[in-house]
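Let me begin by presenting the structure, written as structure tokens, before commenting on it.
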Amino acid sequence: MKIALTKKQPWKKWATIASFTLIMGYAGYSVSGKAIKSVPLKDLSFQTVVQGDLDIYANAYGEFASAKERLLTAPALGKVSEILVRPGTKVTPDTIILHLSNPKLVQEVNAANGQLAQQLAQREAFKYEQQSERLNYQGRIADIEAEIEKAELELSVNMNLMDLGVSSKIELQRAKLAVKQESKRLGFEKKKYKQFIEMQSHQLTQRDITIEQQHAQVNLLEQQLDDMKVKAGINGSLQTLEIELGQSVQLGQSLAKVGSDEVLIARLRLPQNQADQIDINALVLIDTQKGIIKGHITRIESVVNNGSVLAEAVIDETLTSNARPALSISAQVFVRHQQAISYIEQVPGFRPRSKQSLFVRDTNDSLVQRDVTFGELSKNKLVITSGLKPGEQLVSSDTQKYTKYPQLLIIQ
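When the sequence shown is numbered by my numbering, its final residue is 412 and no position is left out of the sequence of numbers.
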């Protein structure tokens with residue numbers, strides 16, 4: 001019996017192997033990321049690289065603060081007897097914030113006023129005593145002048161008698177001597193009287209100095225007593241109140257703080273990497289959410305805190321209606337003017353001061369991945385440090401799902 005054998009066909013085997021190889025190769029090609037992925041043009045948006053001059057501004061954040069602040073302290077020992085104003089209230093220089101009581105201070109004021117009144121009365125009495133002593137001196141001088149007149153009269157009589165040969169020569173000499181002695185006595189007494197007047201003047205000055213010192217003491221105590229009515233001192237608002245009703249306070253203890261409302265400054269936190277490039281008087285554009293107002297930097301601290309440096313800016317324009325102390329603000333601070341620099345408009349996903357792999361339009365129909373380095377962000381303009389040329393188009397839409405493809409094909 002014959003058994004018929006079927007003849008094998010080797011070409012079918014090789015065809016199957018070739019097909020399998022092609023399928024696996026295509027799969028590997030696709031997985032390896034070297035396949036070209038197609039993207040509809042309508043799903044893409046672009047930013048064109050621009051070259052030109054650009055003012056570089058640093059972003060800063062902070063808050064308004066009072067340009068004028070006044071710390072209210074206790075003028076003397078006392079107890080808080082009344083609180084009239086709470087934080088946030090508008091105040092004027094004469095607004096009374098609180099009352100402090102101190103009975104001992106009241107007694108000291110009364111005692112000082114009594115002592116001053118006593119010294120004033122003593123001064124008036126002393127003036128009358130001086131006047132009486134001056135009158136005594138003047139009386140003695142008048143007596144001496146009368147004696148001189150009497151001696152001159154006797155001298156005149158003796159001279160007449162001498163001419164008639166009636167009076168003796170010795171009587172004439174005695175009369176002359178009497179006139180001379182009384183004249184000397186008068187000169188001496190007048191000199192004493194002049195010195196006495198000067199001495200009285202100094203004595204009165206000493207009493208006046210004592211009275212002035214007492215008057216100053218009275219004024220000081222009365223001022224302390226008046227200051228127990230603690231006043232704001234400036235226009236603005238009460239910012240803090242550090243005491244409670246019934247609390248005892250010491251001399252010089254902090255009670256409250258008042259700050260101006262209309263005269264404000266901006267306290268800003270500058271990025272550490274840009275702070276050293278900012279000059280004093282640099283322009284500041286402050287955003288209060290109700291408008292942009294201009295200012296200029298007046299102070300930059302050297303201490304770095306959490307990656308930022310504190311700076312202060314003075315406001316150069318009228319404040320917006322919502323401006324007040326502690327209002328949060330954002331600002332743009334001028335750093336420098338850059339010429340012939342490449343930049344694009346900032347869009348979400350592009351990070352300043354970073355290197356990113358992004359898609360760039362290579363031709364009208366293709367996109368290629370390229371490393372792009374960004375610099376500062378200035379007023380919504382993102383500086384390009386490297387990776388792009390002026391006129392090139394950068395894909396600004398989300399392409400995260402295409403990052404495994406080095407190239408994309410644009411389809412209409």
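Just so you know, even glycine gets a beta-carbon here, dropped at the ideal spot from N, CA and C.
CB contact flag (residue i, residue j, <8 Å)
i, j, result
"proline 348", "aspartate 261", "no"
"glutamine 253", "threonine 73", "yes"
"leucine 270", "alanine 58", "yes"
"valine 416", "glutamate 301", "Summary: the structure shown does not reach residue 416, with the chain confined to residues 1 through 412, and so no result is reported for it."
"valine 179", "alanine 142", "no"
"leucine 77", "asparagine 110", "no"
"lysine 79", "glycine 246", "yes"
"leucine 84", "valine 249", "no"
"valine 335", "alanine 60", "no"
"glycine 88", "leucine 238", "yes"
"glutamine 119", "isoleucine 211", "yes"
"valine 218", "alanine 121", "no"
"glutamine 200", "glutamine 130", "yes"
"alanine 232", "isoleucine 97", "yes"
"glutamine 214", "glutamine 107", "no"
"leucine 241", "arginine 86", "yes"
"leucine 41", "glutamine 400", "no"
"aspartate 371", "serine 357", "yes"
"valine 258", "isoleucine 278", "no"
Cut-off 7 Å between Cβ atoms - residues of its own chain near residue i, not counting five sequence neighbours on either side
i, result
"alanine 67", "Ser260, Val263, Leu264, Ile265"
"aspartate 208", "none"
"isoleucine 144", "Glu182, Arg185, Leu186, Glu189"
"threonine 320", "Thr288, Lys290, Gly291, Ile293"
"arginine 267", "Gly62, Glu63, Ala65, Leu310, Glu312"
"serine 396", "Ser45, Phe46, Gln47, Val347"
"aspartate 316", "Lys294, Gly295, His296"
"isoleucine 148", "Val179, Glu182, Ser183, Leu186"
"leucine 285", "Ile292, Lys294, Ala331, Gln332"
"glutamate 222", "Val109"
"leucine 423", "This structure leaves residue 423 out entirely; the chain is present only between 1 and 412."
Cut-off 6 Å between Cβ atoms - residues of its own chain near residue i, not counting five sequence neighbours on either side
i, result
"glutamine 338", "Leu54, Ile56"
"valine 304", "Gln272"
"proline 75", "Gln224, Asp227"
"serine 30", "Bear in mind that the predicted position of serine 30 carries a pLDDT of just 46, short of 50, making it too unreliable to give a figure here."
"proline 406", "Gln369"
"glutamate 154", "Ala175"
"serine 448", "Not covered by the structure: residue 448. The range shown for the chain is 1 to 412."
"glycine 25", "The predicted position of glycine 25 is uncertain, since its pLDDT is 49 and thus under 50; no value can be drawn from it."
Status (buried if at least 16 other CB within 10 Å, exposed otherwise) for residue i
i, result
"alanine 340", "exposed"
"serine 328", "exposed"
"alanine 125", "exposed"
"isoleucine 344", "buried"
"isoleucine 342", "For clarity, residue 342 is serine in the given sequence; the question names isoleucine instead. Flag for serine 342 reads buried."
"glutamate 392", "buried"
"leucine 71", "exposed"
"alanine 311", "buried"
"alanine 27", "Bear in mind that the predicted position of alanine 27 carries a pLDDT of just 45, short of 50, making it unreliable; the figure below should be weighed with that in mind. So alanine 27 ends up on the exposed side."
"leucine 367", "buried"
"serine 378", "buried"
"threonine 95", "buried"
"glutamate 82", "exposed"
"alanine 216", "exposed"
"leucine 105", "buried"
"isoleucine 170", "exposed"
"isoleucine 280", "exposed"
"glutamine 206", "exposed"
"glycine 236", "buried"
"glutamate 376", "buried"
"glutamine 274", "buried"
Residues bridged to residue i (per DSSP)
i, result
"lysine 381", "Glu345, Ser378"
"phenylalanine 359", "Gln369"
"asparagine 110", "The partner list for asparagine 110 (beta bridge, DSSP) is empty, contrary to what the question assumes."
"phenylalanine 64", "Ala266"
"valine 49", "Bridge partners of valine 49: none, in fact."
"alanine 58", "Val333"
"alanine 256", "Leu72, Leu241"
"glutamate 124", "Per DSSP, none; premise fails for glutamate 124."
Proximal residues to residue i (C-beta, below 8 Å), its chain only, five neighbours per side dropped
i, result
"aspartate 398", "Gly349"
"tyrosine 402", "Lys37, Val39, Phe359, Leu408"
"valine 49", "Ser342, Tyr343, Ile344, Ile384, Leu388, Lys389, Pro390, Gly391, Glu392, Gln393, Leu394"
"asparagine 364", "Ile410"
"lysine 381", "Leu54, Tyr343, Ile344, Glu345, Gln346"
"lysine 481", "Any answer about residue 481 is impossible in this case: the structure gives the chain only from 1 up to 412."
"asparagine 322", "Thr288, Gln289, Lys290"
Curious, which full-length beta strand (DSSP E) runs of at least 3 residues does the stretch 201-240 contain? 229-231
Where are the beta strand (DSSP E) runs, 3 residues long or more, that stay fully inside the stretch 273-338, in chain order? Taking only runs of at least 3 residues, the beta strand (DSSP E) segments lying wholly in the stretch 273-338 are 283-287, 292-305, 308-315.
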